[in-house]
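Enquirer:
The following block contains the structure:
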């Protein structure tokens with residue numbers, strides 16, 4: 001069975017009109033999760049990432065094992081109030097509202113090659129905010145990687161300023 005068979009579609013969540021793609025069943029199934037990690041590794045390895053940056057929370061579940069395979073570091077991008085100061089903050093719009101992300105303000109990423117990884121590329125607001133946080137850290141975004149791209153929501157349009165870097169996904173719907 002393919003990993004994509006484990007993706008659960010939940011209509012009208014978190015609000016009416018949204019079709020939520022739940023990848024947690026994929027991660028819960030060892031064979032499917034292994035398939036996903038193998039696929040992401042194949043897509044991301046050529047990018048030469050030194051660091052995987054991922055937004056809370058499902059991005060974390062992908063970033064850590066992928067970074068281990070790539071011998072890269074992990075930077076967690078958190079929701080507000082989860083990190084001690086100093087932090088950089090970035091507001092963003094998502095499919096069903098507004099939010100904010102934060103990252104530790106540090107010099108550790110200066111000049112490092114970063115790939116931003118998340119479970120789903122929908123409207124692109126979350127990963128665009130991550131990329132802007134990477135810029136504040138003086139990191140070099142060299143790619144974006146996703147399990148699923150929801151093509152109809154035009155998330156890649158949010159990333160036009162990063163047109164020179166690959167945007168890859170294991171599945172496009």
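Residue numbers (UniProt numbering): 1 to 173. Glycine is no exception: its CB is placed at the ideal position from the N, C-alpha and C atoms.
1) In this structure, how does DSSP classify residue 100 when only helix, strand and coil are distinguished?
2) List the residues that DSSP assigns as beta-bridge partners of residue 230.
3) How far does the beta strand (DSSP E) with residue 19 in it reach, from first residue to last?
4) Just to confirm, are residue 120 and residue 53 a CB contact at a threshold of 8 Å?
5) Sorted by chain position, which residues of the same chain lie with C-beta nearer than 7 Å to residue 87's C-beta, five sequence neighbours on each side aside?
6) According to the Cβ coordinates, are residue 51 and residue 28 closer than 8 Å?
7) Got a sec? Which residues, its chain only, sit under 6 Å from residue 62 by beta carbon, not counting five neighbours each side?
8) Grab the span of the beta strand (DSSP E) containing residue 83 for me, first residue to last.
9) Assign residue 14 to one of three DSSP states: helix, strand, or coil.
10) Going by beta carbon distance, what residues of the same chain come within less than 6 Å of residue 137, once the five residues before and after it are set aside?
11) Does the beta carbon of residue 126 fall short of 7 Å from some heavy atom of the ligand COA?
12) Look at the alpha carbon of residue 32 and the alpha carbon of residue 6, and state the distance between them as a whole number of angstroms.
Expert: Looking at the coordinates:
1) Of the three classes helix, strand and coil, the one that applies to residue 100 here is strand, per DSSP.
2) There is no way to answer for residue 230, as the model of the chain reaches only from 1 to 173.
3) 19 to 22
4) no
5) 102, 103, 104 and 105
6) no
7) Cβ within range, chain order: 117.
8) Residue 83 -> no beta strand (DSSP E), and no H or E assigned at all.
9) coil
10) 109
11) The ligand COA is not part of the structure shown, which contains no ligands of any sort.
12) 8 Å
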